[in-house]
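Participant: Residue numbers (the working numbering): 230 to 522.
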Amino acid sequence: MWLFASAGSALFAGITAILAKLGIQKTDSDVATVIRTIVVLVFAWIMAALTGQIGVIGSIQPTSWLFLGLSGMATGASWICYFKALSIGDVNKVVPIDKCSAVLTILLAIALFGETNALPLKLVCSALILVGTLMMVERKASAGGGANQRGNAYIWYAVGSAVFAALTSILAKVGIEGVPSNLATAVRTCFVLVMAWVVVAMRGKLPKARPAALDRRELAFICLSGVATGASWLCYYYAIQHGVVSVVVPIDKLSALVSMGFAYFVFHERYTKRSLAGLALITCSTLAMAVWA
230 MWLFASAGSA LFAGITAILA KLGIQKTDSD VATVIRTIVV LVFAWIMAAL
280 TGQIGVIGSI QPTSWLFLGL SGMATGASWI CYFKALSIGD VNKVVPIDKC
330 SAVLTILLAI ALFGETNALP LKLVCSALIL VGTLMMVERK ASAGGGANQR
380 GNAYIWYAVG SAVFAALTSI LAKVGIEGVP SNLATAVRTC FVLVMAWVVV
430 AMRGKLPKAR PAALDRRELA FICLSGVATG ASWLCYYYAI QHGVVSVVVP
480 IDKLSALVSM GFAYFVFHER YTKRSLAGLA LITCSTLAMA VWA
């Protein structure tokens, strides 16, 4: 069952990236993160209520609160970086770098949780995923100075997104020990929202978050992105609670296929032979881990 949940997480996460990109054409990326988090928060608490898990919130141990909070903060940092990267870079460049978090997560899961089954395969596939990711990253020409430096900035934001996403998975694995997955998702999202508002306030962007300042069409896409994120999270945290982290994470990262497929048709983004070869390498390596690890 957790394998199907992993696949559902990948599907919804892939759709999330496209909806998010549509919602930040004019809207500030940090403001979009706040709006999206609000939607996810409502979605998560509704699911926790429908599944009758809210009643056990008082039994959550202090250690679980700590790690769920840290996981939520890591998620917030990852989202802030991810939205910023999407706002200045193409989906087919940002998503592969972000999904490279799978490699770091796998290595951390091996080191911290002792998930050493099929270790040689995991290490080889992780290396191939990293190589495939590097094949898909394209830097803009350095001639032109500041403008091109800003154009390449998406790489650093995407890398930041990947690092924080990896930390999110590891911290969440510890935090949801003995906590129902839907309730854990709801609790984590509270921390994400607090962090998102703090970032918006510190950067002086509160006026941009007023309803009157938001584009209605983009607001709709951001909200839909939040719903897709909530669905992805529910699947993902069920999967890592009941499954093997070093297998769940690679499957979840196959959402890149969904995102890039939509990017081709929706944004008319084109792919080079090198980037397609990199994508094929990532996909085959991920599937190998999912099937044989």
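Backbone N, C-alpha and C define an ideal beta-carbon position, used for all residues, glycine too. Please read these numbers as outputs of a predicted model, since none were measured by experiment.
#1: Is it true that the segment 467-486 meets the segment 261-279, where meeting means three or more beta-carbon pairs spaced less than 8 Å apart?
#2: Can you check which of these residues, 321, 427 and 403, is closest to residue 292 by C-alpha distance?
#3: Give the range of the alpha helix (DSSP H) segment to which residue 517 is assigned.
#4: Taking buried to mean at least 16 other C-beta atoms within 10 Å of its own C-beta, is residue 345 buried or exposed?
#5: Going by beta-carbon coordinates alone, are residue 239 and residue 398 separated by less than 9 Å?
#6: Comparing alpha-carbon positions, which option in 318, 316, 299 and 337 lies nearest residue 421?
#7: Which value, in whole angstroms, describes the spacing of the CA atoms of residue 416 and residue 406?
#8: Since residue 312 and residue 464 should fall inside the 8 Å C-beta cutoff, what is the C-beta to C-beta distance between them, to a whole number of angstroms?
#9: Indicate whether residue 361 and residue 237 have their beta-carbon atoms separated by less than 9 Å.
#10: Using only the alpha-carbon positions, how far apart do residue 278 and residue 504 sit?
#11: Taking all protein chains shown into account, do 16 or more other C-beta atoms lie within 10 angstroms of the C-beta of residue 441, making it buried, or fewer, making it exposed?
#12: Can you find at least 3 beta carbon pairs, one from the segment 321-338 and one from the segment 443-457, that sit closer than 8 Å?
#13: Between the C-alpha atoms of residue 235 and residue 435, what's the straight-line distance to the nearest angstrom?
#14: So, does the segment 509-516 touch the segment 490-499, judging by three or more C-beta pairs under 8 Å?
#15: I'd like to know whether the C-beta atoms of residue 265 and residue 472 end up nearer to each other than 9 Å.
#16: Between which two residues does the alpha helix (DSSP H) carrying residue 313 extend?
Facilitator: On the basis of the coordinates in this document:
#1: No, the segment 467-486 is not in contact with the segment 261-279.
#2: Taking the first residue of the sequence shown as 1, we reach residue 292 at position 63. By alpha-carbon distance to residue 292, the top candidate from 321, 427 and 403 is 403.
#3: For the purposes of this step, residue 517 is taken as the residue at position 288 of the sequence shown. Its alpha helix (DSSP H) spans residues 502-521.
#4: As a position in the sequence shown, residue 345 is number 116, starting the count at 1. It is exposed - the Cβ of residue 345 has fewer than 16 other Cβ atoms within 10 Å.
#5: In the sequence shown, residue 239 corresponds to position 10, counting from 1. In the sequence shown, residue 398 corresponds to position 169, counting from 1. For residue 239 and residue 398, no; Cβs fall outside 9 Å.
#6: Position 192 of the sequence shown, counted from the first residue, corresponds to residue 421. Out of 318, 316, 299 and 337, 299 has the C-alpha closest to the C-alpha of residue 421.
#7: One-based indexing of the sequence shown puts residue 416 at position 187. One-based indexing of the sequence shown puts residue 406 at position 177. Roughly 14 Å separates the two Cα atoms.
#8: By one-based count along the sequence shown, residue 312 stands at place 83. By one-based count along the sequence shown, residue 464 stands at place 235. Not confirmed; about 21 Å, so no contact.
#9: Within the sequence shown, residue 361 is the residue found at index 132, counting from 1. Within the sequence shown, residue 237 is the residue found at index 8, counting from 1. It is not a contact, given that the beta carbons lie outside the stated cut-off.
#10: Position 49 of the sequence shown, counted from the first residue, corresponds to residue 278. Position 275 of the sequence shown, counted from the first residue, corresponds to residue 504. Looking at the two C-alpha atoms, the distance is approximately 44 Å.
#11: Within the sequence shown, numbered from 1, the residue matching residue 441 stands at position 212. With fewer than 16 Cβ atoms within 10 Å of its Cβ, residue 441 is classed as exposed.
#12: At 8 Å Cβ cutoff, the stretches do not touch.
#13: Taking the first residue of the sequence shown as position 1, residue 235 is located at position 6. Taking the first residue of the sequence shown as position 1, residue 435 is located at position 206. Using only the alpha carbons, I get a separation of about 36 Å.
#14: Result no; under three Cβ-Cβ pairs closer than 8 Å.
#15: The sequence position of residue 265 within the sequence shown is 36, counting from 1. The sequence position of residue 472 within the sequence shown is 243, counting from 1. No, they are not a contact pair.
#16: For this step, residue 313 is matched to residue 84 along the sequence shown. In this chain, the alpha helix (DSSP H) harbouring residue 313 covers 291-317.
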